[in-house]
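Engineer:
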Ligand code: 3PG
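In full-length UniProt numbering, the protein residues as written are 3 to 395.
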């Protein structure tokens, strides 16, 4: 894979696909700028090497129509605050005369943010004409939007057919760290998978089972596995139509001699509510009116011991309903154990990333992925279209 370090940038137009799809509140203020900050090493490198830096991204899902609610202007303003000393401008369109005029006005080292690429229906259709219209704005394409790399869209994939294409630093880092962990992990290699549903994580579990030394399963999805093993999970979320799948995954684990560990105890509550009455229960001893909303203290001890002995740890998905403090202990205990482990620690996927941020330990991990769906598909072992187009042809 070629990177931005393999290009002579002076005076060239670097057309960079970033993922500036950040959460915003009703007043149009960015509530989490992680993804903007994650793009800065690439942007500053290009600027310092004399490139004219043109950034394109989507924001939200405007469904192929112009919609001010999804304008990238606030993100451009925020980027200017972060990039003191570099001139950042904004173009009200991402193709055509407006975009071209804004590009013409750049001098070496300047940065331009184009308007939301999803204002055009061709973006998500990976339309050739749109990809060509983007390509007219630059000399070299830089793929740095790892968070959108699982989408084969005009600005993430199609465009690479029309310009020399290289990877940015964020893309390189995400694919490098996670790829290395999957391909040649330092052992023991432990993966922790959580979240509500087995059905969302089947492919991840299947891909990881043959690779890991232990797979720890928590969160709502653990209930379905525990039910297969004959436990009465009472009012807990159990996916009736995933029971067969869970059973098969337990068999796959046996085939590969991988240790698949499930919770042995849970925090059982009388209702799905922050103030619900709750108690610690063995997984075989839930009362008829109870539901599991977090893993219990024995499970925490079991999981923490595995994590602390590991040399590589990958975590995707919370252990319980961590938005409610009464059911957040399991999730935070995983984060703490990862901090203490003498290991390569990787957090991938939306909810677990939010958890490590809440716990204030994001910067103590080896890597916190900027991808939600993208990191999930990466952990599934899929080839991401936005990565594939950057590979040497
Ligand atoms: C994400 O937030 O996962 C990416 O930016 C992709 O967004 P999308 O799910 O709307 O394609």
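Yeah, the Cβ is synthetic: ideal placement off N, Cα and C, and Gly gets one too.
1. Have a look at residue 69 and residue 35 and give me their C-alpha separation to the nearest angstrom.
2. Evaluate residue 286 with the Cβ neighbour count: other Cβ atoms within 10 Å of its Cβ, from every protein chain shown; 16 or more gives buried, anything less gives exposed.
3. Any contact of the segment 244-260 with the segment 296-305, i.e. 3+ C-beta pairs under 8 Å?
4. Looking at C-beta atoms only, is the number of pairs between the segment 108-122 and the segment 53-68 that lie closer than 8 Å three or more?
5. I'd like the ranges of any beta strand (DSSP E) spanning at least 3 consecutive residues and lying wholly in the segment 288-341.
6. Residue 168 bridges to which residues according to DSSP?
7. Tell me the rounded alpha-carbon separation between residue 231 and residue 259.
8. To the nearest angstrom, how far is the alpha carbon of residue 357 from that of residue 333?
9. Using a Cβ-Cβ cut-off of 7 Å, state whether residue 393 counts as contacting chain B.
10. Anything with a beta carbon under 6 Å from a heavy atom of ligand 1 counts; list them all in chain order.
11. Are residue 114 and residue 122 touching if we call contact CB-CB under 7 Å?
12. So the alpha helix (DSSP H) residue 134 belongs to, where does it begin and stop?
13. Mind checking whether the beta-carbon of residue 238 lies closer than 6 Å to any heavy atom of ligand 2?
14. As an exercise, report each continuous beta strand (DSSP E) stretch of at least 3 residues that is fully enclosed by the segment 149-226, in chain order.
15. Quick one: grab the DSSP three-state call for residue 267.
16. Starting from the Cα of residue 180, find the closest Cα among 59, 378, 269, 393 and give me that residue.
17. Would you tell me roughly how many angstroms separate the C-alpha atoms of residue 135 and residue 368, rounded to the nearest one?
18. From residue 177 to residue 12, what does the alpha carbon distance come to, in whole angstroms?
19. Compute the beta-carbon to beta-carbon distance between residue 411 and residue 219, rounded to the nearest angstrom, for a pair I have assumed lies under 8 Å.
20. Are the CB atoms of residue 270 and residue 201 nearer to each other than 7 Å?
21. Looking at C-alpha atoms only, which residue of 173, 207, 57 is the closest neighbour of residue 224?
22. Between the C-alpha atoms of residue 31 and residue 214, what's the straight-line distance to the nearest angstrom?
Structural biologist: So, to answer that:
1. For the purposes of this step, residue 69 is taken as residue 67 along the chain shown, with counting starting at 1. For the purposes of this step, residue 35 is taken as residue 33 along the chain shown, with counting starting at 1. Spanning the two alpha carbons is a distance of roughly 21 Å.
2. Stepping through the chain shown from its first residue, residue 286 is reached at position 284. With fewer than 16 other Cβ atoms within 10 Å, it is exposed.
3. no
4. These segments touch.
5. Positions of the beta strand (DSSP E) runs, each at least 3 residues long and wholly inside the segment 288-341, are given as 293-297, 314-318 in order along the chain.
6. Stepping through the chain shown from its first residue, residue 168 is reached at position 166. 144.
7. Within the chain shown, the letter at position 229 stands for residue 231. Within the chain shown, the letter at position 257 stands for residue 259. Roughly 18 Å between the two C-alpha positions.
8. Within the chain shown, the letter at position 355 stands for residue 357. Within the chain shown, the letter at position 331 stands for residue 333. Residue 357 and residue 333: Cα-Cα distance of roughly 7 Å.
9. No chain B appears in the structure shown, which is made up of a single protein chain.
10. 21, 23, 63, 149, 150, 153, 374, 375
11. The count along the chain shown starts at 1 and reaches residue 114 at position 112. The count along the chain shown starts at 1 and reaches residue 122 at position 120. It is not a contact, given that the beta carbons lie outside the stated cut-off.
12. As a position in the chain shown, residue 134 is number 132, starting the count at 1. Counting along the chain, the alpha helix (DSSP H) containing residue 134 begins and ends at 130-137.
13. In the structure on display, ligand 2 does not appear, and the ligands it does have are ligand 1.
14. 167-169, 191-195, 216-219
15. Counting from one through the chain shown, the residue named residue 267 turns up at place 265. Three-state DSSP puts residue 267 in a strand.
16. By 1-based counting over the chain shown, the position of residue 180 is 178. Residue 180 has its Cα closest to that of 378, out of 59, 378, 269, 393.
17. Position 133 of the chain shown holds residue 135. Position 366 of the chain shown holds residue 368. Distance between the alpha carbons of residue 135 and residue 368: 38 Å.
18. Indexing the chain shown from 1 puts residue 177 at position 175. Indexing the chain shown from 1 puts residue 12 at position 10. Whole-angstrom Cα-Cα distance: 27 Å.
19. Given a span of 3 to 395 for the chain in the structure shown, any question on residue 411 remains unanswerable.
20. Here residue 270 is taken as the residue at index 268 of the chain shown, counted from 1. Here residue 201 is taken as the residue at index 199 of the chain shown, counted from 1. No, they are not a contact pair.
21. Residue numbering aside, residue 224 sits at position 222 when the chain shown is read from its first letter. Selected option, being the one with the closest Cα: 207.
22. If you number the chain shown from 1, residue 31 lands on position 29. If you number the chain shown from 1, residue 214 lands on position 212. Taking the straight line from one Cα to the other gives about 41 Å.
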